[in-house]
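S.K.: Take a look at this one; I'll ask things after.
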Amino acid sequence: MSNDEKRPHERNEKQFSRRDFLKTTGVATGGILAGSLLGGVVTHFGDSGLKDQEPNGEGGTNETPESQKGNLTDARVFFNRKSDFSTLAAAAERIFPEDDLGPGAISLGVPYFIDKQCHSWWGFNGKNYTDGPHDFEKTPEFGIQEKLNRGQIFKLGLEKMNEIANDEFDGNFWEIDSKDQDEILKKFESNDDDVKMNGVRADVFFSLLRDTTIWGVYADPAYGGNRDMEGWKMIEFPGPRMGWANIIQEEEFHKEAPQSLRTYQGGKM
Amino acid sequence: MAKKLDKVDVVVVGMGWAGGIVSAEMAKAGKKVVGLEKGDHIKREDYIGVKDELRFDNQFQIMQELKKDTVTSRNEIDETALPIRTRKKMQIGANLGGASVHWAGASYRYWPYEFEIRSKTIEKYGKDKIPEDMNLQDWGLTYDEMEPYYEKWEYTAGISGEQDPNAPKRNKPWPNPPLLESPSLRLFKDACKELGHKPFQIAAGNMSENYENPDGEKLNACMYCSYCTRHGCDFDAKSDPLATVIPTAMRHDNFELRTRANVRRVIYDKDSKKATGVLYVDENTGQEYEQPAEVVVLAAFAFTNNRLLMLSDIGEQYDPKTRKGIIGRNFNGQYNNAFAGVRGFFDNKKFNLYAGAGAMGAAITDFAADNFDHTDLDFLGGGAIELRQYGFAAIKSSGNIKSGTPNWGAEYKKESLNYAHRMLQIWYTNNTFSYWHNYVDLDPTYKDEYGDPLLRVTYKFGSGSKEIMEFGVEKCREIMEKMGADHIEEDSIPEEFDHEFSGGHYTGGVVMGEDPETSAVNNYLQMWDVDNLFVVGGSAFPQFGGHHPTPTIGALSYRAAEGVEKYLKDKKPLAKAKKTTKA
Ligand SMILES: Cc1cc2nc3c(=O)[nH]c(=O)nc-3n(C[C@H](O)[C@H](O)[C@H](O)COP(=O)(O)OP(=O)(O)OC[C@H]3O[C@@H](n4cnc5c(N)ncnc54)[C@H](O)[C@@H]3O)c2cc1C
Ligand code: SF4
């Protein structure tokens, strides 16, 4: 079957503006710059002058923002199509949005976290039983039954999300209103007839997207998400420690700044 | 072609608690023993500095990879079973130490009533109390007979506990004092006392103090580090075979451990009715070996124990249509038919829930076994009501939302951040029973990497399954109300078994008893049909007790070790078959 008509990510690429991207993904609004993500996506628009156009409107600065440090690992190694990745970023941000309480999925590095997960044994279902016959409709009952692996499901689902965005809201997923993005996400969540896919149920894709996003918010920063342990700061989780015998009996809530696995391991080779 | 090796006294298949105990005891007794373990030669060092929620709690690094070996599952006997493909739904121990390394450590003995549940139920309530669909069976030995073996396991493991006021008096005190008490445990205990229950600190396989066990193995005091369940311990502070029985066995030259040795068959001689050894594959090279032995001990967890007997054509396969056959019969365990309870949300109190230990918790047993009257109840047995403080990391804590709250978006974010340290859960660890329609056999479709059929589980709820859970949820609610939660949510009672094998409490299929018509092994876990074959572990449970299984598995393993030693001396069956009334 020729699918040419249904490739909105290609069709719309030219009309895509960086400003729209920033506006609609919410990156620009909360004041926390996910430099790494922008760095990756912005070049997609042939724009390399990121630093003099800080989305918070304050103009250029030559200092590397804290959140950009170590961002050389922020590059897509799994998703080939930028459109898939932009859809992923926008969807993850709706699942865990930036607000007064703290950063959202994009500034936490979740899209790159997911990209790296898809590139690992986990994305390739390397430890799953994979022999057929398969029946993907049975997944809610029996757990993963798809022939597709997780990475493939991500690609299929994201492409479908963007297709729906174009068909129903006349724009790419990452460009349309957050309200419309939520509407699409809800269709997937409820396995709506409109979003049927061949090989995976929409609700199964949605929970994969949802759960992996939350992993990216709260897993150790070693995996590329939970940037600067901001996820842990929000949820008041102190990270891995030798132990808590000292406070285990204490009546009061004991708050401590988080420490990462790297620190726990001594950060040595 | 398999290479044939020199004969040994005992070959042990699987090196968790069960296999480790038998190996250590046989090594100490001077027998020539080979321990075969399918997984890697894990050492404590493998668990130092790897406290990582994603890797262990969400992606299950420590569990068996399912690529080439899993279990298929279905509810009805005429349904097509599907393979359980992901570790989110299938958690089996792998590597040296097995599931006995990543267990949490909650340690209970079963009750006198439970070992003689059929006789005692009939005695007290009459035969009609037993539902028609239930294969309710005595274990073939009493609590008093089990006591010394429990004690032996508890001292090897260094369990930290205090006397449960409802439990039979102990011959010796717990080897270690109980773990420390946190505010959430105090709150639970105070509420229970107000309601007239008798709370106590859960006996824990986490050391409350530095400890040296009777074999001379040294364990360190627990740090309450919280990366415990589904993890190995950094500090040798968890009761596990890597810290105890395996090093004990390895101190003896007459014990040899072979890891990455995947046992595929018991070699069985039909004429002499003896197991002559086992066939295994070296997973590093693919080379097959035959290891002859005087005694074969299967201690490879309930799934493999059943499957190896079936693949080796030993014993008669149970068939639910004719209700004949014995291997695979009375498959049981705790699935979504146990551990229902309530979640309490506290608006004005925050708990240090990121701290904890695998078995840190408080419990009551006022509604366990037959500790309460069942005359007017439509179920048998009971269980503990527990509050546990495992220590919860960030991903887990982010799930503490009330049921009406969306699980994504701004509202989710707000609610989950608010309740991350404000939710306490209590649950009922109820008995689960065996029914004629639940069993295991070989799957007709799905195969492992060698082309051998996978094990197939057929399992659905039976009489009393939902009723016992409803009862437990109600009791949990009363306690949570007294604890002062601002908002309480009851777990919904599931409609049916959901094919989730996530707690490691899967048992039966090669069950023990006094009557070969209803049991596969005698009370030394020696097969009725095959004198020199011992099948050790939870596979011997005729039904599941109202508590976590491992101390009973440990105790039965000591019993079996004694049996193996006796058999090596006398070469005789260790128990006489008795005819019991049909279960
Ligand atoms: C997350 C979790 C938490 C738990 N917490 C508790 C708790 O708090 N309290 C409690 O009482 N119980 C608990 N359990 C249950 C406990 O882990 C088991 O009851 C116990 O480990 C069983 O011991 P075992 O020796 O029979 O099996 P295992 O420890 O699983 O050992 C079996 C060994 O056999 C090996 N093997 C399998 N097949 C083969 C083969 N073909 N050839 C060679 N080797 C093979 C395996 O690799 C494994 O090493 C928990 C389980 C899980 C999963
Ligand atoms: S909580 Fe205690 S027993 Fe468990 S892993 Fe940490 S130190 Fe070890």
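Those protein sequences? They're chains A and B, same order as listed.
Quick note on numbering: numbering that gives the first Met the number 0 labels position 78 of the first sequence as 77, and the sequence is numbered without any gaps.
Quick note on numbering: numbering that gives the first Met the number 0 labels position 583 of the second sequence as 582, and the sequence is numbered without any gaps.
Glycine included, every Cβ here is placed at the ideal spot set by N, Cα and C.
(1) How about Asn148(A) and Phe112(A): are their beta carbons less than 7 Å apart?
(2) Quick one: give me the first and last residue of the alpha helix (DSSP H) that Asn261(B) is part of.
(3) Confirm the yes/no value for this check: CB of Thr69(B), any heavy atom of ligand 4, distance under 6 Å.
(4) Please indicate yes or no: does the CB of Ala202(B) lie closer than 6 Å to some heavy atom of ligand 2?
(5) Taking 7 Å as the threshold (C-beta atoms), are Tyr389(B) and Gly343(B) in contact?
(6) Name the two residues that bound the continuous alpha helix (DSSP H) containing Leu155(A).
(7) Under a Cβ-count criterion, where at least 16 other Cβ atoms within 10 Å of its own Cβ denotes burial, should Met0(B) be classed as buried or exposed?
(8) Who are Cys224(B)'s beta bridge partners in DSSP?
(9) For a test of your reading of the model: does the CB of Met282(A) fall under 6 Å from any non-hydrogen atom of ligand 2? Yes or no.
(10) Does Thr284(B) pass the burial test, meaning 16 or more other C-beta atoms within 10 Å, or should it be called exposed?
(11) Going by beta carbon distance, what residues of the same chain come within less than 7 Å of Ile47(B), once the five residues before and after it are set aside?
(12) How should Trp120(A) be labelled, buried or exposed, when 16 other C-beta atoms within 10 angstroms of its C-beta is the threshold for buried?
(13) Say yes only if the C-beta of Thr262(A) is nearer than 6 Å to one or more non-hydrogen atoms of ligand 1, and no if none qualify.
(14) CB Gln162(B) to CB Asn331(B), shorter than 7 Å?
(15) Residue range of the beta strand (DSSP E) that Tyr438(B) falls in?
(16) Under 7 Å between beta-carbons, which chain B residues line up against Ile246(A)? List them in chain order, please.
(17) Taking buried to mean at least 16 other C-beta atoms within 10 Å of its own C-beta, is Asp239(B) buried or exposed?
(18) At 7 Å on the CB atoms, spell out the chain B contacts of Glu249(A), in chain order.
(19) Helix, strand or coil, according to DSSP, for Trp110(B) in the structure here?
(20) CA-CA distance, Val33(B) and Val341(B)?
(21) In terms of residues, what are the limits of the alpha helix (DSSP H) holding Trp426(B)?
(22) When every heavy atom of ligand 2 is checked, does at least one fall within less than 6 Å of the C-beta of Lys395(B)?
(23) In the DSSP assignment, what are the bridge partners of Tyr210(B)?
(24) How would you write the range of the alpha helix (DSSP H) that Lys151(B) sits in, first residue to last?
(25) Are there three or more Cβ pairs, one per stretch, closer than 8 Å when the stretch 416–434 of chain B is compared with the stretch 345–365 of chain B?
(26) Give me the Cα-Cα distance between Ile363(B) and Asp5(B), rounded to the nearest whole angstrom.
(27) Among the residues of its own chain, which have a CB less than 7 Å from the CB of Ile152(A), if the five just before and after it don't count?
(28) Determine, using beta carbons only, whether Glu229(A) and Lys254(A) come nearer to each other than 7 Å.
(29) What residue range is occupied by the uninterrupted alpha helix (DSSP H) comprising Asp134(A)?
(30) Mind checking who Gln136(B) pairs with in its DSSP beta bridge?
(31) Quick check on Asp8(B): does DSSP put it in helix, strand or coil?
(32) Kindly examine ligand 1 and report whether one of its heavy atoms sits closer than 6 Å to the Cβ of Leu35(B).
(33) Would you tell me roughly how many angstroms separate the C-alpha atoms of Arg43(B) and Leu241(B), rounded to the nearest one?
(34) Lys30(B) to Asn253(B), Cα distance in whole Å?
(35) Any chance the CB of Lys50(B) is under 6 Å from a heavy atom of ligand 2?
(36) For the stretch 214–248 of chain A, which residues have a beta carbon sitting closer than 7 Å to at least one beta carbon of chain B?
M.R.: In this structure, then:
(1) no
(2) Run containing Asn261(B): none in the alpha helix (DSSP H); it sits in the beta strand (DSSP E), Ala260 to Asp268.
(3) As presented, the structure is devoid of ligand 4, carrying ligand 1 and ligand 2 as its sole ligands.
(4) no
(5) no
(6) Secondary structure note for Leu155(A): its alpha helix (DSSP H) is the uninterrupted segment Arg149 to Phe168.
(7) Per the 10 Å Cβ criterion, exposed.
(8) Gly355(B)
(9) Lying outside 0 to 268, the shown extent of chain A, residue 282(A) is not represented and no answer is given.
(10) Exposed.
(11) Taken in chain order, the residues that qualify are Asp233.
(12) Looking at its Cβ environment, which holds fewer than 16 other Cβ atoms inside 10 Å, Trp120(A) is exposed.
(13) Result no, Cβ not under 6 Å from ligand 1.
(14) A distance of 7 Å or more separates the beta carbons of Gln162(B) and Asn331(B).
(15) Bounds of the beta strand (DSSP E) holding Tyr438(B) are Tyr438 to Lys446.
(16) Asn351 and Ala354
(17) Asp239(B) is buried by the Cβ-count criterion.
(18) Asn351
(19) coil
(20) 47 Å
(21) Note, Trp426(B): premise wrong, no alpha helix (DSSP H); beta strand (DSSP E) at Met422 to Tyr427.
(22) No, the beta carbon of Lys395(B) sits no closer than 6 Å to any heavy atom of ligand 2.
(23) Leu218(B)
(24) Tyr142 to Ala156
(25) yes
(26) 52 Å
(27) Glu145, Val199, Phe204 and Leu207
(28) no
(29) No alpha helix (DSSP H) contains Asp134(A), which DSSP labels as neither H nor E.
(30) Per DSSP, none; premise fails for Gln136(B).
(31) strand
(32) yes
(33) 7 Å
(34) 6 Å
(35) no
(36) Of all residues in the stretch 214–248 of chain A, only Trp214, Tyr217, Ala218, Asp219, Tyr222, Gly230, Trp231, Met233, Ile234, Glu235, Phe236, Pro237, Pro239, Arg240, Met241, Gly242, Trp243, Ala244, Ile246, Ile247 and Gln248 place a beta-carbon less than 7 Å from a beta-carbon of chain B.
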